Amino acid sequence: MAGRCGLLRRRAVGCRALWSARQKVLLKDGLNTSQRGLVVLGIESTFDDTAIGIVNHQRQILADVRRTQDHSNCDFSFSGLKTRAINLSSEYAKRDELPLLAASFQRTIADHLLVRLERALRFCDQQGRRPRRFVAAGGVLCNAYIRQRLHAFARFHDLPVEFPAPPLCVDNGVMIAWAGLLHFLRGTSSVARDPQALRYHPKWPIGLNMRAAVTAANIQLRARDVLRQY
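Right under this line is the structure:
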């Protein structure tokens, strides 16, 4: 059988093994009898570098959660991945295998983020503007696994991190609304008293848009080489 695979021994009840490309992740969790013989692998002959596969002990494919394609930019897109996972969820719920699908989904999202971050950092290096710190916030940082992967990325590149504590990592819309409420209660001039007088900008630009410049730089990355580092 081509590629790399990890076999979870039947007596190893306390953990589940996920293997994508050349990296293995162990997720502590209780497994029922039907889950103990699962194999998780990234097989070159079946999946390309942008895929993760989950198979059972008979090498039957249980899930093909494909990673989003890399287009030499730093854009994030999870719509196709999310749709694929949703379409698979009811099927795997019947077999009590939702944790496996969720784990591969989570791993794929983290990998997608890290490849984009690697390209962004290399672009900054090309421009002579290497960041001095690594800052992340928002509801996504409530996810301990993604938080750990981002820490590993920053540590590998010797970047000090600025991550809020998980209780402060709430939805961005909630944070904005709460800040607006505090300003309103304090009577600050930044709050408009007449909503009809407001002009709305659904896509307000923040700073200089460098998307075109990043794409033009055409920084090619091999996901497996990048993700092997952290």
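Residue numbers for the sequence shown follow the numbering used here, beginning at 568 and rising by one.
Just so you know, even glycine gets a beta-carbon here, dropped at the ideal spot from N, CA and C.
Note that the structure is predicted; figures quoted are calculated from it, not measured.
Quick check: the Cα distance between Ala-784 and Phe-690, rounded to an integer number of angstroms? Position 217 of the sequence shown, counted from the start, is the residue given in the question as residue 784. Position 123 of the sequence shown, counted from the start, is the residue given in the question as residue 690. In a straight line, the C-alpha of Ala-784 is about 8 Å away from that of Phe-690.
Rounded to whole angstroms, what's the CA-CA distance from Ala-764 to Ile-773? Just pull it up for me. Numbered from 1 along the sequence shown, position 197 holds the residue referred to as residue 764. Numbered from 1 along the sequence shown, position 206 holds the residue referred to as residue 773. The alpha-carbon atoms of Ala-764 and Ile-773 are separated by roughly 23 Å.
Cβ contact (3+ pairs, closer than 8 Å) linking the region 679-688 and the region 652-671: Contact fails: fewer than three Cβ-Cβ distances are below 8 Å.
By how many angstroms is the C-alpha of Gly-706 removed from the C-alpha of Gln-787? Residue 787 sits at position 220 when you count from the first residue of the sequence shown. Residue 706 sits at position 139 when you count from the first residue of the sequence shown. Going by the C-alpha atoms only, they are around 30 Å apart.
The alpha helix (DSSP H) spanning Trp-771 covers which residue range? The residue you call residue 771 lines up with position 204 of the sequence shown. Counting along the chain, Trp-771 falls outside any alpha helix (DSSP H), and DSSP gives it neither H nor E.
Stretch-stretch touch, CB-based, cutoff 8 Å, three pairs: the region 668-679 with the region 691-706: No: fewer than three Cβ pairs fall under 8 Å.
Which of helix, strand or coil does DSSP assign to Glu-664? Taking the sequence shown and counting its residues from 1, the one referred to as residue 664 is at position 97. Three-state result, Glu-664: coil.
Of all the options Ser-644, Ala-669, Phe-643, Asn-640, which has the alpha carbon lying nearest to the alpha carbon of Ile-653? Taking the first residue of the sequence shown as 1, we reach residue 653 at position 86. Among Ser-644, Ala-669, Phe-643, Asn-640, the Cα nearest to that of Ile-653 is on Ala-669.
From the DSSP secondary-structure annotation, give me the bridge partner or partners of Glu-729. Along the sequence shown, one-based indexing puts residue 729 at 162. Note: Glu-729 sits in a beta bridge opposite Val-702.
Within 10 angstroms of its Cβ, does Phe-751 collect 16 or more other Cβ (buried), or is it exposed? If you number the sequence shown from 1, residue 751 lands on position 184. Exposure of Phe-751 is indicated by the presence of fewer than 16 other C-beta atoms within 10 angstroms of its C-beta.
Could you give the DSSP three-state label for His-718: helix, strand or coil? On the sequence shown, position 151 is the one that residue 718 refers to. DSSP places His-718 within a helical segment (H, G or I) once states are collapsed to three.
Closest Cα partner of Ser-646 within the set Ser-657, Glu-658, Phe-672, Asp-738: In the sequence shown, the residue the question calls residue 646 occupies position 79. By alpha-carbon distance to Ser-646, the top candidate from Ser-657, Glu-658, Phe-672, Asp-738 is Phe-672.
Does DSSP put Gln-787 in a helix, a strand or coil? By 1-based counting over the sequence shown, the position of residue 787 is 220. Reduced to three states, the DSSP call for Gln-787 is coil.
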